Amino acid sequence: MTQYALYLNYEFCTGCHSCEVACRNEKKIPLGDFGMKLLEDRPRQHADGSWHWDYIAYPTELCDLCADRVAEGKMPSCVQMCQAKCLHFGTIEECAAMLAEKGEKAAIFLP
Amino acid sequence: MAEAVTQVGNETIWRTCAWSPPGCHPVGCGLLVHVEDGKVTKVEGDPEHPITRGALCTRCLALPEYMYHPDRVIHPMKRAKEDRGLDKWEQCSWDEAIDIIVTNAKEISEKYGHETIAVFGGTGREGNDYYSTYANCIFGTPNAVYAQPGWSCYGPRASITAFMMGGGYPEIDYAQKCAQRYDDPRFVAPGVIVLWGKEPLRSNPDGLFGHSIVEMMQRFGTKLIMVDPRMTWIGTRSEYVLQLRPGTDTAMAMAWINVIAEEDLYDHEFVEKWTYGFDEMVAACKEMTPEKAAEICGVDAEEIRGAARLYATTHPSSLCWGLAVDQSPNGVQLGQCLLALMSITGDLDAPGGTTLGAGDVHAANAARDDSVGSAADDRDASDYADRLEESESYPNQMEIAITYAYQYGLMTEERYAKKIGVDKYPAIGAIMWTVAPDEFLKALETEVPYKMHMAMFQSSNPVGSAIAGEPQRWRNALRKLDFCFATDLFMNPTIMACADVFLPLCTTVEHDAVVVPHYSMNISFFGAERRCVQVGECKSEMEIMLLLGKRLFPQYWGQFEDEIAYLKSKSGALDWDDLKEKVCYTNVENYYKYKTGELRPDHQPGFPTQTGRVELYSYAYQAFGESPVPYYEEPAYGPIATPELMKDYPFVLTTGARKQEFFHSEHKQVPSLRAITPWPEMDINPADAAELGIEEGDWVEMASPYGKCRQRARVTPTIKKGVVHAMHGWSYPEESGEEPSLFGNWRSNVNCLLPNSVNGKLGFGDTFKCMICSCKKVDGPGEHPSPSEAEVYVEPSRQKPAEVVGQIWRPADAPEYN
Numbered sequence: 000m001t002q003y004a005l006y007l008n009y010e011f012c013t014g015c016h017s018c019e020v021a022c023r024n025e026k027k028i029p030l031g032d033f034g035m036k037l038l039e040d041r042p043r044q045h046a047d048g049s050w051h052w053d054y055i056a057y058p059t060e061l062c063d064l065c066a067d068r069v070a071e072g073k074m075p076s077c078v079q080m081c082q083a084k085c086l087h088f089g090t091i092e093e094c095a096a097m098l099a100e101k102g103e104k105a106a107i108f109l110p
Numbered sequence: 000m001a002e003a004v005t006q007v008g009n010e011t012i013w014r015t016c017a018w019s020p021p022g023c024h025p026v027g028c029g030l031l032v033h034v035e036d037g038k039v040t041k042v043e044g045d046p047e048h049p050i051t052r053g054a055l056c057t058r059c060l061a062l063p064e065y066m067y068h069p070d071r072v073i074h075p076m077k078r079a080k081e082d083r084g085l086d087k088w089e090q091c092s093w094d095e096a097i098d099i100i101v102t103n104a105k106e107i108s109e110k111y112g113h114e115t116i117a118v119f120g121g122t123g124r125e126g127n128d129y130y131s132t133y134a135n136c137i138f139g140t141p142n143a144v145y146a147q148p149g150w151s152c153y154g155p156r157a158s159i160t161a162f163m164m165g166g167g168y169p170e171i172d173y174a175q176k177c178a179q180r181y182d183d184p185r186f187v188a189p190g191v192i193v194l195w196g197k198e199p200l201r202s203n204p205d206g207l208f209g210h211s212i213v214e215m216m217q218r219f220g221t222k223l224i225m226v227d228p229r230m231t232w233i234g235t236r237s238e239y240v241l242q243l244r245p246g247t248d249t250a251m252a253m254a255w256i257n258v259i260a261e262e263d264l265y266d267h268e269f270v271e272k273w274t275y276g277f278d279e280m281v282a283a284c285k286e287m288t289p290e291k292a293a294e295i296c297g298v299d300a301e302e303i304r305g306a307a308r309l310y311a312t313t314h315p316s317s318l319c320w321g322l323a324v325d326q327s328p329n330g331v332q333l334g335q336c337l338l339a340l341m342s343i344t345g346d347l348d349a350p351g352g353t354t355l356g357a358g359d360v361h362a363a364n365a366a367r368d369d370s371v372g373s374a375a376d377d378r379d380a381s382d383y384a385d386r387l388e389e390s391e392s393y394p395n396q397m398e399i400a401i402t403y404a405y406q407y408g409l410m411t412e413e414r415y416a417k418k419i420g421v422d423k424y425p426a427i428g429a430i431m432w433t434v435a436p437d438e439f440l441k442a443l444e445t446e447v448p449y450k451m452h453m454a455m456f457q458s459s460n461p462v463g464s465a466i467a468g469e470p471q472r473w474r475n476a477l478r479k480l481d482f483c484f485a486t487d488l489f490m491n492p493t494i495m496a497c498a499d500v501f502l503p504l505c506t507t508v509e510h511d512a513v514v515v516p517h518y519s520m521n522i523s524f525f526g527a528e529r530r531c532v533q534v535g536e537c538k539s540e541m542e543i544m545l546l547l548g549k550r551l552f553p554q555y556w557g558q559f560e561d562e563i564a565y566l567k568s569k570s571g572a573l574d575w576d577d578l579k580e581k582v583c584y585t586n587v588e589n590y591y592k593y594k595t596g597e598l599r600p601d602h603q604p605g606f607p608t609q610t611g612r613v614e615l616y617s618y619a620y621q622a623f624g625e626s627p628v629p630y631y632e633e634p635a636y637g638p639i640a641t642p643e644l645m646k647d648y649p650f651v652l653t654t655g656a657r658k659q660e661f662f663h664s665e666h667k668q669v670p671s672l673r674a675i676t677p678w679p680e681m682d683i684n685p686a687d688a689a690e691l692g693i694e695e696g697d698w699v700e701m702a703s704p705y706g707k708c709r710q711r712a713r714v715t716p717t718i719k720k721g722v723v724h725a726m727h728g729w730s731y732p733e734e735s736g737e738e739p740s741l742f743g744n745w746r747s748n749v750n751c752l753l754p755n756s757v758n759g760k761l762g763f764g765d766t767f768k769c770m771i772c773s774c775k776k777v778d779g780p781g782e783h784p785s786p787s788e789a790e791v792y793v794e795p796s797r798q799k800p801a802e803v804v805g806q807i808w809r810p811a812d813a814p815e816y817n
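Residue numbers (numbering that gives the first Met the number 0), protein chains in the order written: chain H, 0 to 110; chain R, 0 to 817.
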């Protein structure tokens, strides 16, 4: 059976929270709980003066990668609504290929 | 392409484009609205929308929570005048509500004159298209009011562009006017984009879909340069971040021009053929070396050089200007420099450069000779643009209003000349259809040149925490009026304090309308907003205009059977019936329109200015009493201008950075959105916080000579030492709406710290992004101070003593204006 995953290019995750709200709408998750959760590693300056500030959106155990939507030929809700277009859905192999191509600041998630 | 409306089992799915309400500017994001049993169950992004392609921000994702919120007002309401400030509203019928308004408007017009009625509009909601229509074409008053000191939002940028280029609005190129978007063979991605005083991911853009910049960074490796007092997330992904002292942007921009001229990095051919006064502008910037700007702005001189070089030597490069241009008294000069920077690279209206709009001739005509409706426009033929007849482009909605008011006799030239404040600040009246706001507040208070008697509030909340400076003054002045009414969706501080009738409005998915990015000044597409459901007895602004118009000015409004007839009449040649089926038309335009004659009504090459060129040396500025070339002026409050005051108010204060989950004073009652940002936050540097004993999450009281407020500390190195940033737009809908609380309006309202009348010479700009304040740790949110406690009137600069109201203190008078 084909196994799917989410690929996140977190160099460009802007922290907009759209995935969280889109997921909650889709999976009818009550406020306060999450199927997609946005984490922030808050801004700080490295010793050389350069900056660090990352957001990472990741799927929790409530995520089923929108199996119903995917069966209808749609994208998972979080991927469709992602404003930065930094979230992608595909097979593990497709996601791994994106990861290898990106080479940095990217991750694959299996909820 | 999916149908506009599809049926899936019990569910109807509508494709539509968003505008407002709830608050948003005309970005026109694509929605899929799921409806079951007449109720919206879910909103998604529309993957087929050419610009947003499925993306959607949290405000529209949470739309059902907003639409069906228990506090939403869904029936008309009335309240006795003596109960203003008390929650003694009574539901009434539309007939009764309209009767009350019509009776009062007629009485007041007959007794005191139409001009004693004011119509307030706010920022960029769809209602923006209508408030001058209500004013000019229903109530017959010239006094449409945008209540922000110095008209400090978009209007200055639009005016500056009209003065220097003849009209329109410049926007970065993100293939928004290419039929195949990024894949279009004509499109080249910007190599570098400058974000000047603009955070496009969080801002409430007027037509720019901000995340397209992140798309271009990923697809094309587009690089960024930020000029901003704050380090932002997108700043951490930029090549340069020039973190300048708030309010010193003009010095920085002049230094860029200095570097680009000095090092010969400009496009000689463009400068020679298409600009006027380059040498004079360069001469004006000669003294502003990077070293001098470094001293003023607090940014390393080599960083300034490096950023200017990167911008000027990368082609194509694009420049995105933001609210910082509008919100400083020196902003008119900043805008002049930034338009110069967009031009002298040669990348103006080039693929990947800074685009111009072919609809620009409208504003140009208005700015030049008040001729209305004569604009001709033969844009590039495309599948859709063919539908727009050659002689008629998409009409400017505000021009329509005044034209008909004259034509049908509701407005006279004599009465229009009574528009308040534009005699003092004629530049504000040049292309903006409103009063000069700071002058209007004084007129309300002093009853000079005449006493006002009635107000309508439409998409505006001037007693609240977003638009006004010193909202305590607006509250007191507006309470004096004989009659006030409002159209809105939720009760707010202004309506609770001042209004007598409340008319409930529709959201964007409850009415039919057209959304046009940049208010038709730089059109990337035309989108249909659709009536997917009805909520309560809510009506759209267009429906309400018809109800009132047919009673008050039937000579004009009588011709429209319903709001769709009106919508069609005001859409020019745009075919509504076709648009609503297709949902969205891309407005395909040529590049280099100044070469093809598409910018000028006479179809000659060039810009629609007096010289036919981009006027870097501005005759329009000169005609309005401003210097024709840029100069730097220190912020009215700050370490240089008011060193004595800095002892009591040691921080430079900048305000109003956006959160995408809120639109100004709206949205705080929407659970999913409030959960993202539950409290108002002020940013303070860790070193300053440590000195003051402030820790993350502590309540901090900020005060200026004008007032005070409390917000919670976000201790962060992203703001420099000595500077703080405070959020705008906060009140607490969960608290009592009655006076004196007004939904906790005075607790966290940073606008209470911000004065009126600190304007530039043209009347534009104020201190929203360049004020001073003190900070101290406090135990908690505290009780809400009453507005009378915060009532401190101060008139800082450029005001003659005779014009000053309740003045107790004048810190920053510049001798040349006395």
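We put the CB at the ideal spot given by N, CA and C, even for glycine.
Computed from a predicted structure; not experimentally measured.
Check                                                                                                                                                                                 : Outcome
For R/H210, I'd like the list of residues in its chain whose CB is within less than 7 angstroms of its CB, leaving aside the five on either flank, ordered along the chain.           : A54 and L200
What would DSSP say about R/C483, mapped onto helix, strand or coil?                                                                                                                  : strand
Classify R/M225 as helix, strand or coil using the three-state DSSP reduction.                                                                                                        : strand
Skipping 5 residues on each side, what residues in its chain have a beta carbon closer than 6 angstroms to that of R/D697?                                                            : A712 and K776
Does H/A21 come within less than 9 angstroms of chain R when only Cβ atoms are used?                                                                                                  : yes
Grab me the residues of H/Q82's own chain with a C-beta within less than 8 angstroms of its C-beta, minus the 5 sequence neighbours each way, in chain order.                         : T13, C15 and S17
Between R/K41 and chain H, is any beta-carbon pair separated by less than 9 angstroms?                                                                                                : yes
Under 7 angstroms, CB to CB, which of the residues in the region 204 to 219 of chain R have a partner in chain H?                                                                     : H210, V213, E214, M216 and Q217
Between R/T221 and the rest of its own chain, which residues show a CB-CB distance below 8 angstroms, the 5 nearest in sequence each way excluded?                                    : A188, P189, G190, V191, I192, I212 and M215
In chain R, which residues lie less than 9 angstroms from H/K36 when you measure between Cβ atoms?                                                                                    : Residues of chain R passing the Cβ test: none, with the nearest at roughly 12 angstroms.
In chain order, what residues of the same chain have a beta carbon less than 7 angstroms from the beta carbon of R/K760, not counting five sequence neighbours either side?           : G624 and E625
Could you give the DSSP three-state label for R/M455: helix, strand or coil?                                                                                                          : strand
Residues in its own chain within less than 6 angstroms of R/D682 by CB, not counting five upstream and five downstream?                                                               : R713, T715, I718 and H724
What does H/A83 touch in chain R if you count any residue whose Cβ is under 7 angstroms from its own?                                                                                 : H210 and V213
Looking at the secondary structure, which residues open and close the alpha helix (DSSP H) in which R/K291 lies?                                                                      : P289 to C296
Could I get the ranges of all uninterrupted alpha helix (DSSP H) runs contained in the region 462 to 534 of chain R, with 4 residues as the minimum, in chain order?                  : 470 to 478 and 492 to 497
With burial defined as no fewer than 16 other Cβ atoms inside 10 Å of the residue's Cβ, what is the status of R/D172: buried or exposed?                                              : buried
R/C23 and R/H48 - do their beta-carbons sit closer together than 9 angstroms?                                                                                                         : no
Can you find the residues in the same chain that come closer than 6 angstroms, C-beta to C-beta, to R/T231, ignoring five residues on each side of it along the sequence?             : E198
Does any residue of chain A bring its CB to less than 9 angstroms from the CB of H/Y54?                                                                                               : The question asks about chain A, but that chain is absent: this structure's protein chains are H and R.
Should R/F661 be counted as a contact of the ligand FMN given a C-beta to heavy atom distance under 8 angstroms?                                                                      : Here there are no bound small molecules, and the ligand FMN is not part of this structure.
If the cut-off is 8 angstroms on Cβ atoms, which residues from the region 665 to 676 of chain R count as contacting chain H, listed in chain order?                                   : P670, S671, A674 and I675
Should R/G779 be flagged as near chain H, meaning a C-beta pair shorter than 9 angstroms?                                                                                             : no
List the DSSP bridge partners of R/W255.                                                                                                                                              : Answer is none; R/W255 lacks a bridge partner.
How would you call H/E100, buried or exposed, if buried means at least 16 neighbouring beta carbons within 10 angstroms?                                                              : exposed
H/V20 and R/S316: beta carbons closer than 9 angstroms?                                                                                                                               : no
Nearest by alpha-carbon distance to R/V32: which of H/Y54, H/E25 and H/T1 is it?                                                                                                      : H/E25
Pick helix, strand or coil for R/E170, following the three-state DSSP scheme.                                                                                                         : strand
With a threshold of 8 angstroms, are at least 3 pairs of Cβ atoms found where one atom belongs to the region 737 to 748 of chain R and the other to the region 479 to 497 of chain R? : yes
Taking Cβ positions only, does R/P639 come closer than 9 angstroms to chain H?                                                                                                        : The sequence given here places Ile at residue 639 of chain R; Pro does not occur at that position. Not an interface residue.
Could you spell out where the alpha helix (DSSP H) holding H/Q79 opens and where it closes?                                                                                           : S76 to M80
At which residue ranges does the region 755 to 783 of chain R contain complete beta strand (DSSP E) runs of 3 or more residues, listed in the order of the chain?                     : 770 to 777
For the beta strand (DSSP E) holding H/R43, just list the boundary residues, first then last.                                                                                         : M35 to Q44
For R/M0, does the three-state DSSP call read helix, strand or coil?                                                                                                                  : coil
Helix, strand or coil for R/Y383? Go by DSSP, reduced to three states.                                                                                                                : Summary for R/Y383: the model assigns pLDDT 28, below 50, so the residue's position carries little reliability, and this model does not support an answer.
Per DSSP, what kind of secondary structure is R/A146 in: helix, strand or coil?                                                                                                       : coil
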